[in-house]
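Trainee: In my numbering, the protein residues as written are 1191 to 1643.
Ideal Cβ positions, reconstructed from N, Cα and C, are used throughout, including at glycine.
Since the model is a prediction, treat every value here as computed from it, not as a measurement.
The structure that follows is given in the form of structure tokens.
Right, dumping it as structure tokens:
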């Protein structure tokens, strides 16, 4: 989140937050006017259940993390249990006591007698998850208090001209707190490689979707789908089909794969977008949809069947005029919380507005580009941003676009993980094969991975 704040030029506020707060502040009593919310009995019962049952360890570890415990000694014991469990070793009072003794922490937590008292505090391990939920809820309440303190500090220390930026920072703080996310520390390369290998194994076993399917076989073969955390740019000259390609991505995700998707349309109305979706899904020409006289009974039957199919599709459209970046962020965060958002499509980048004075349009578009990349990382969803190209392709004999043709900002190329350059097919270009014959897209796209290759 600090990357986002730096992109807004709010360095002094970042320094204040960095100096004043950290994840450990959730349990720092100096930040609270009274004793912070916690439940010692629930913490003891949770640990006692874990010491009694390996199954309880597996279940509880999916619900809470070490910082959810208020008592430092309980944090230490929890870490020791989890470490033994992760190593596929027994985690009972004796083995955990030995591990704590080896690390010099046994006396700090009260010795082996305290570990036995944890077991005695709970009659059965079956209720460990019940107590763990209490521990988690108390931790959330402490985070609410800390987040409120951070937001108050932002308000007191920001200048009047930064009010909108502070609102966005406050929203980001609340989102992070409400989703249970914590600021990540550095990780060892061994841990990162282990995560990467587990992901590969899960994809091979079919337990994990490689990415959001685009609906185009050759694109998915190259990209393995649109990946969470990526910013994908679809760029082209006017009338080359970039909006249609963006809509096709959204159709594939929401209608054919039931992945929650939102399209922010700054150019077309929601009715125009709906007509394009209907045409692509039903093969009824767009011109016919705009002329009611061309809709005969057979076509009405086709439309009604499509509408019934569409009822379960988690596809949302927002065509609000003059939409600001802050509005887009807020709406995406809300959809992530309520509907598990999987894909964001923005049509198009150059029509976005910051709602404030800027030094240059180029700098403003650069800020948009960077902020969308950070949004993709924050929400862990792919963000597809449509973008205009300058007149560079028209000056070339083959009319093929290049990355340098991205309009108004070179930072778009830097921020994007994948760029699709869309242009009209010629005798020297090969059109990408389509996964469905109903696709309305009729141009050629060159897929240019900027970092993933």
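Can you give the Cα-Cα distance for residue 1338 and residue 1362, rounded to whole angstroms?
Mentor: Rounded to the nearest angstrom, the two C-alpha atoms are 12 Å apart.
Trainee: How do the region 1244-1261 and the region 1312-1319 stand: do at least 3 beta-carbon pairs fall below 8 Å, yes or no?
Mentor: Yes, the region 1244-1261 touches the region 1312-1319.
Trainee: For residue 1435 and residue 1610, which I take to be in contact (beta-carbon distance under 8 Å), what is that distance rounded to the nearest angstrom?
Mentor: The pair is a contact, with the Cβ atoms about 7 Å apart (cut-off 8 Å).
Trainee: Confirm, please, whether the CB-CB distance from residue 1437 to residue 1476 is below 8 Å.
Mentor: No, they are not a contact pair.
Trainee: Tell me the rounded alpha-carbon separation between residue 1293 and residue 1543.
Mentor: Their backbone Cα atoms lie some 55 Å apart in a straight line.
Trainee: Look up residue 1430 in the DSSP assignment and give the residues it is bridged to.
Mentor: DSSP, once it has assigned bridges, lists no residue as partnering residue 1430.
Trainee: Whose C-beta lies closer than 7 Å to the C-beta of residue 1133 among residues of the same chain, with five residues either side of it excluded?
Mentor: Since the first residue of the chain shown is 1191 and the last is 1643, residue 1133 is not available in this structure.
Trainee: Would you kindly report the start and end of the unbroken beta strand (DSSP E) that includes residue 1455?
Mentor: Looking at the DSSP string, the run of the beta strand (DSSP E) that includes residue 1455 is 1451-1455.
Trainee: Would residue 1498 pass as a contact of residue 1458 if the rule is Cβ separation under 8 Å?
Mentor: Cβ distance not < 8 Å, so residue 1498 and residue 1458 don't count as in contact.
Trainee: Using the three-state DSSP reduction, which class does residue 1537 fall into: helix, strand or coil?
Mentor: It is a strand residue.
Trainee: How should residue 1578 be labelled, buried or exposed, when 16 other C-beta atoms within 10 angstroms of its C-beta is the threshold for buried?
Mentor: Classification of residue 1578: buried, given that the 10 Å Cβ count is 16 or more.
Trainee: So what does residue 1425 bridge to, in DSSP terms?
Mentor: Bridge partners of residue 1425: 1577, 1611.
Trainee: Run the CB neighbour count on residue 1380, radius 10 Å, all protein chains shown included, and call it buried at 16 or more, exposed below.
Mentor: When all chains shown are included, residue 1380 counts as exposed.
Trainee: Of the choices 1228, 1303, 1360, 1524, whose alpha-carbon is the least far from that of residue 1697?
Mentor: It is not possible to answer for residue 1697, since the shown part of the chain is limited to 1191 through 1643.
Trainee: Is residue 1416 helix, strand or coil by DSSP?
Mentor: In the structure shown, residue 1416 sits in a strand (DSSP, three-state: E or B).
Trainee: Pull up the DSSP beta-bridge partners for residue 1596, would you.
Mentor: DSSP, once it has assigned bridges, lists 1579 as partnering residue 1596.
Trainee: With H, G and I counted as helix, E and B as strand and the rest as coil, what does DSSP make of residue 1341?
Mentor: Helix at residue 1341.
Trainee: Quick one: what's residue 1514 bridged to in DSSP?
Mentor: 1543.
Trainee: To the nearest angstrom, report how far apart residue 1391 and residue 1527 are at their CA atoms.
Mentor: If you take the alpha carbons of residue 1391 and residue 1527, they lie about 28 Å apart.
Trainee: Kindly indicate the opening and closing residues of the beta strand (DSSP E) around residue 1505.
Mentor: Residues 1505-1508.
Trainee: Excluding five sequence neighbours on each side, which residues of the same chain lie with their C-beta closer than 6 Å to the C-beta of residue 1275?
Mentor: Closer than 6 Å at the Cβ level, and outside the excluded window around residue 1275, lie 1247, 1281.
Trainee: Name the residue from 1404, 1465, 1225, 1413 whose alpha carbon lies nearest to the alpha carbon of residue 1261.
Mentor: Among 1404, 1465, 1225, 1413, the Cα nearest to that of residue 1261 is on 1225.
Trainee: What number of angstroms, rounded off, separates the C-alpha of residue 1306 from the C-alpha of residue 1268?
Mentor: Whole-angstrom Cα-Cα distance: 14 Å.
Trainee: Give me, in chain order, the residues of the same chain whose beta-carbon lies closer than 7 Å to that of residue 1287; leave out the 5 immediate sequence neighbours on both sides.
Mentor: Excluding residues within five positions, the ones whose Cβ falls inside 7 Å are 1296, 1302, 1305.
Trainee: Residue 1425 and residue 1504 - do their beta-carbons sit closer together than 8 Å?
Mentor: No, the pair does not count as a contact, with Cβ atoms beyond the cut-off.
Trainee: Check whether the Cβ atoms of residue 1602 and residue 1423 sit closer than 8 Å, and answer yes or no.
Mentor: Yes.
Trainee: For the alpha helix (DSSP H) containing residue 1240, name the first residue and the last one.
Mentor: Looking at the DSSP string, the run of the alpha helix (DSSP H) that includes residue 1240 is 1230-1242.
Trainee: Figure out for me which residue from 1231, 1284, 1299 has the closest Cα to the Cα of residue 1324.
Mentor: Taking only the C-alpha atoms, the option nearest residue 1324 is 1231.
Trainee: Expressed to the nearest angstrom, what Euclidean distance is found between the alpha-carbon atoms of residue 1143 and residue 1474?
Mentor: Outside the shown range of the chain, which is 1191 to 1643, sits residue 1143, and nothing can be said about it.
Trainee: Give me, in chain order, the residues of the same chain whose beta-carbon lies closer than 6 Å to that of residue 1447; leave out the 5 immediate sequence neighbours on both sides.
Mentor: So the list reads 1403, once near-sequence residues are dropped.
Trainee: Could you tell me the alpha carbon to alpha carbon distance between residue 1388 and residue 1331, rounded to whole angstroms?
Mentor: Each residue's alpha carbon lies about 33 Å from the other.
Trainee: From the DSSP output, which residues share a beta bridge with residue 1402?
Mentor: Paired residues: 1416.
Trainee: Return the residue from the list 1252, 1581, 1596, 1566 that minimises the CA-CA distance to residue 1552.
Mentor: Considering only alpha carbons, the answer is 1596.
Trainee: So residue 1439 packs on residue 1401, CB below 8 Å; how close in whole Å?
Mentor: Going by Cβ atoms, the distance from residue 1439 to residue 1401 rounds to 11 Å, so no, they are not a contact pair.
Trainee: On the premise that residue 1455 lies in contact with residue 1507, defined as a C-beta separation below 8 Å, what is that separation, rounded to the nearest angstrom?
Mentor: Contact flag correct, Cβ pair sits at about 6 Å.
Trainee: Can you grab the Cα-Cα spacing for the pair residue 1255 / residue 1326, in whole Å?
Mentor: Approximately 8 Å between the Cα atoms of the pair.
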